[in-house]
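What follows is a single structure, written as structure tokens, with notes after it.
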Amino acid sequence: MKTGRALVLVAATVVAASACEAPRAWGPNASFYNSNKVVEGWGEYYNDRATYARSRMTVADSLNDGNTVYGKTGFYFFETTSTSPMNAVWSHSRTKSTGEWANQVRTVDLFESLHAQAAKSRGQMQACAQMGWPVPDSCAPTALITFDY
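So the sequence shown is numbered by this note's numbering: it starts at 830 and just counts up by one.
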């Protein structure tokens with residue numbers, strides 16, 4: 830009888846460990862404008878307690894010129910949808926952005942609830958600098974991280 834309990838306990842531990850992987854790091858990724866580094870971002874994307882897809886990002890204002898910087902994460906889930914009911918596809922849930930700041934380095938968490946019908950989550954992270962009109966925002970290359978759940 831004791832052996833049966835030990836096997837159940839080991840199996841439960843393995844399931845819990847695979848449901849919450851270690852965070853996967855990205856960056857540092859930087860953006861340049863007129864040969865000057867204006868923003869740099871780095872962070873991690875992970876399954877937070879089998880409840881959320883979490884993006885923890887650090888965004889640094891590298892130029893300190895008064896223009897603001899920010900980070901953003903696009904949250905995607907591999908799931909069936911109304912337009913693809915028979916096959917799972919990557920579905921964009923939403924994109925969330927941090928607030929904006931200047932002349933600082935900040936770390937911010939963005940998260941989205943895991944979708945019960947999905948099997949994977951993908952984060953598309955990016956650090957950007959506001960350049961002022963009419964110049965478009967200067968964004969670092971996108972980091973892309975996927976995890977199964």
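Ideal Cβ positions, reconstructed from N, Cα and C, are used throughout, including at glycine. Remember, predicted model here, so these are calculated numbers, not experimental data.
- Grab me the residues of residue 958's own chain with a C-beta within less than 7 Å of its C-beta, minus the 5 sequence neighbours each way, in chain order. 860, 867, 868, 896, 898, 966, 967
Query raised in the report: Straight-line CA distance for residue 964 to residue 914?
Result: 42 Å
message = Can you look up residue 883 in the DSSP assignment and give me helix, strand or coil?
response = strand
Residues in its own chain within less than 6 Å of residue 862 by CB, not counting five upstream and five downstream? 967
3 or more residues per run - each beta strand (DSSP E) lying fully within the stretch 856-920: 865-877, 881-890, 898-910
Q. By Cβ distance below 6 Å, which residues in the same chain neighbour residue 944 in space, the five residues on each side in sequence not counted?
A. 906, 908
Determine whether the beta carbon atoms of residue 902 and residue 884 lie at a separation below 8 Å.
yes
If you run the structure through DSSP and keep just helix, strand and coil, what is residue 840?
At residue 840 the pLDDT is 34, less than 50, meaning the model places this residue with poor confidence and gives no usable figure here.
Same chain only: Cβ atoms within 8 Å of residue 949, ignoring 5 sequence neighbours per side:
906, 907, 975, 976, 977, 978
(message) DSSP three-state label for residue 941, please.
(response) strand
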